[in-house]
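Under my numbering, think of the first position of the sequence shown as 15, with each following residue one higher. The beta-carbon is built from N, C-alpha and C at its ideal position, and this holds for glycine as well.
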Amino acid sequence: MKERTLFLIDCQSFYASVEKAARPELKNRPVAIGDPERPAGIILAACPVAKAYGVTTAQRINEARVKCPDLVVIRPRMRMYIRISLLITKIYESYTDQVEPFSIDEQFLDVTGSLRHYGSVEELARNIQTRVQLSTGIWTRVGVGPSKILAKTATDNFAKQRPDGIFKLNYSNIEQELWPLPVSKMYMVAGRMTDHFMRMGLPTIGDVARLELGDFKQKMRREMGKQSDLKAEYYWQVARGIDPSAIKPGIRMKPQQSISHGKTLRASLYRSLEDIEVVLLELVIEVCRRARSYGVMGQVISVGAAETDGEKSRSFGRQATLSQPSSLTHEVAEAAGRLFRKHWSGLPVARLHISLDQLTSDETYQLTLFEDRPRAYSMERTLDGIKDRFGSDAILRASSLLEAGVARERAGQIGGHWI
15 MKERTLFLID
25 CQSFYASVEK
35 AARPELKNRP
45 VAIGDPERPA
55 GIILAACPVA
65 KAYGVTTAQR
75 INEARVKCPD
85 LVVIRPRMRM
95 YIRISLLITK
105 IYESYTDQVE
115 PFSIDEQFLD
125 VTGSLRHYGS
135 VEELARNIQT
145 RVQLSTGIWT
155 RVGVGPSKIL
165 AKTATDNFAK
175 QRPDGIFKLN
185 YSNIEQELWP
195 LPVSKMYMVA
205 GRMTDHFMRM
215 GLPTIGDVAR
225 LELGDFKQKM
235 RREMGKQSDL
245 KAEYYWQVAR
255 GIDPSAIKPG
265 IRMKPQQSIS
275 HGKTLRASLY
285 RSLEDIEVVL
295 LELVIEVCRR
305 ARSYGVMGQV
315 ISVGAAETDG
325 EKSRSFGRQA
335 TLSQPSSLTH
345 EVAEAAGRLF
355 RKHWSGLPVA
365 RLHISLDQLT
375 SDETYQLTLF
385 EDRPRAYSME
395 RTLDGIKDRF
405 GSDAILRASS
415 LLEAGVARER
425 AGQIGGHWI
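In structure tokens, the structure reads:
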């Protein structure tokens, strides 16, 4: 069987690179992504210029500014980063249909069938790098290998350190290039596992790879117990670059089945219907905005809530079918409000959840005699564009400025967590 040629392509300092590409005046400035209004927050990404000052990911912003007083800290725009990531995926798909996203800034490509159109692996890799950089302003690094694990290892340990950003790691040079590295450089080996390996007398990747599997299992059992056999087999294969798994294309293209949003609340603060409906509307706004960004609308609205007064607790989840598919905030909010009011027992609310289901394309939608729906959609999309560019809190409903509102808090978070 012909040996596969796989790429793992990584975008350098992805979030920071997107922002610097959008702001040419920052080209040579140290840039980091975080919340500039939260000095105790953490750095999500830093550009190479900032890294040269010692700024690192997960570092506190105030600590980073001590190392780099001129650091430009930019609030993250996650929707923009996702859109750029999808654009890069489309570029990769113009070279091969075997593309598997690994994270927002890393993707696997099987280019085995594409090489015949290029003089060499390096030529193909450079061609892709150039396309991505011209299209997005982002520099990419390419790890090349016959397996996913070797391609990933080639990127992380070698391509990122090379000026051309390209490195090949295969079974002919693995012993020379990979095995001398500290075992902490092995894929999926963090601090605690490194300590285990050191106690076993295995300080390098080669020390693991050169053992027979049975001998390695015995060492692992003595160190970690009889249940460690599967873990031992996994690390032994990683050290040797063994990984038969195939590229799984189409993950990005999986149809959206449902769009949902939820929020955990301090029940003591959400006792009145007036306060609860503020949060309910904010969740509907976010769900509808995401639906429009995906180009879909939903026929079914679901509302869920958890209630408690500290002694009694209950929860409910109910759904209703809309008269027509929609992603218009006022239409969905009206239905969600009716559902909640009908099934709420009156206890303080500790969690709210909204979802839009039975999704269809929003390219065509039902017109009505009593409302200009095209105008309503145009207005909603205009507001979406402003939020995408300037942040989710660039435009807020007046109700979100009330004490019960959580939209401003959510705008300062990623995935529901403070940055």
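{"Item": "Assuming Val314 is part of the beta strand (DSSP E), what are its boundary residues?", "Value": "Val310 to Thr322"}
{"Item": "Once the 5 residues before and after Ser359 are set aside, which same chain residues still bring their CB inside 7 Å of it?", "Value": "Glu321 and Arg328"}
{"Item": "Where Ile299 and Lys104 are concerned, what is the direct C-alpha to C-alpha distance, given to the nearest angstrom?", "Value": "29 Å"}
{"Item": "Identify whether Phe172 lies in helix, strand or coil by the three-state DSSP scheme.", "Value": "coil"}
{"Item": "What residue from Tyr248, Pro263, Ser341 and Phe172 has the CA that sits closest to Gln370's CA?", "Value": "A small correction: the amino acid at residue 370 is Leu; Gln does not occupy that position in the sequence shown. When each option's Cα is compared against that of Leu370, the closest is Ser341."}
{"Item": "Is Val252 near Tyr185, with beta carbons less than 9 Å apart?", "Value": "no"}
{"Item": "Could you tell me the boundaries of the beta strand (DSSP E) in which Ala54 lies?", "Value": "Unbroken run through Ala54: none, as it is neither H nor E."}
{"Item": "Between the C-alpha atoms of Glu136 and Arg18, what's the straight-line distance to the nearest angstrom?", "Value": "15 Å"}
{"Item": "For a test of the three-state rule: what should DSSP assign to Cys25, helix, strand or coil?", "Value": "strand"}
{"Item": "Buried or exposed: where does Ile102 fall if 16 or more other Cβ atoms within 10 Å of its Cβ makes it buried?", "Value": "buried"}
{"Item": "When you compare each of Asp402, Leu283, Phe404 and Arg93 to Leu361 by their alpha carbons, which one comes out closest?", "Value": "Leu283"}
{"Item": "In its own chain, which residues sit with a C-beta less than 7 Å from the C-beta of Thr335, not counting the 5 before and 5 after it?", "Value": "Gln313 and Val314"}
{"Item": "I'd like to know if the stretch 46-64 and the stretch 21-35 are in contact, where contact means that at least 3 CB-CB pairs between them fall below 8 Å.", "Value": "yes"}
{"Item": "What is the C-beta distance between Ala59 and Thr70, in whole angstroms, given that I count them as a contact (C-beta under 8 Å)?", "Value": "Not confirmed; about 10 Å, so no contact."}
{"Item": "Look up Gln190 in the DSSP assignment and say whether it is helix, strand or coil.", "Value": "helix"}
{"Item": "For Pro38 and Thr150, I'd like the C-alpha separation in whole angstroms.", "Value": "12 Å"}
{"Item": "Should Leu100 be labelled buried (16 or more other beta-carbon atoms within 10 Å of its own) or exposed?", "Value": "exposed"}
{"Item": "Going by other Cβ atoms of all chains shown within 10 Å of its Cβ, with 16 needed for buried, is Glu33 buried or exposed?", "Value": "buried"}
{"Item": "Are the beta-carbon atoms belonging to Ile188 and Ala139 less than 9 Å from one another?", "Value": "no"}
{"Item": "From the DSSP output, which residues share a beta bridge with Val158?", "Value": "Phe21 and Lys182"}
{"Item": "Under 9 Å between the Cβ atoms of Ile142 and Thr154?", "Value": "yes"}
{"Item": "Considering only the alpha carbon of each residue, which of Gly220, Lys401, Ala319 and Lys182 lies closest to Ser198?", "Value": "Gly220"}
{"Item": "Which of the three DSSP states is assigned to Arg140 in this structure?", "Value": "helix"}
{"Item": "For Thr110, I'd like the list of residues in its chain whose CB is within less than 8 Å of its CB, leaving aside the five on either flank, ordered along the chain.", "Value": "Leu123, Asp124, Val125, Gly127 and Ser128"}
{"Item": "Measuring CB to CB, does Arg303 end up less than 9 Å from Lys401?", "Value": "yes"}
{"Item": "According to DSSP, Pro115 sits in a beta bridge with which residue or residues?", "Value": "Gln121"}
{"Item": "Can you name, in chain order, every residue of its own chain whose Cβ lies under 6 Å from the Cβ of Asn42, other than the five neighbours on each side?", "Value": "none"}
{"Item": "Does the Cβ of Gly48 have 16 or more other Cβ atoms within 10 Å, making it buried, or fewer, making it exposed?", "Value": "buried"}
{"Item": "Thr169: which of Ser242, Val156, Lys245 and Gly351 sits nearest, CA to CA?", "Value": "Val156"}
{"Item": "Rounded to a whole number of angstroms, what is the C-alpha to C-alpha distance between Arg74 and Ile56?", "Value": "4 Å"}
{"Item": "Helix, strand or coil for Thr208 per DSSP?", "Value": "helix"}
{"Item": "Taking the straight line between their C-alpha atoms, what separation do you get for Gly324 and Leu366?", "Value": "17 Å"}
{"Item": "Output needed for Leu216: all residues of its chain with C-beta closer than 7 Å, excluding positions within five of it in sequence on either side, in chain order.", "Value": "Val197 and Val222"}
{"Item": "Report yes if the CB atom of Val317 is closer than 9 Å to the CB atom of Leu353, and no otherwise.", "Value": "yes"}
{"Item": "From Pro388, Arg306, Ser337 and Ile261, pick the residue whose C-alpha is nearest to that of Ser375; which is it?", "Value": "Arg306"}
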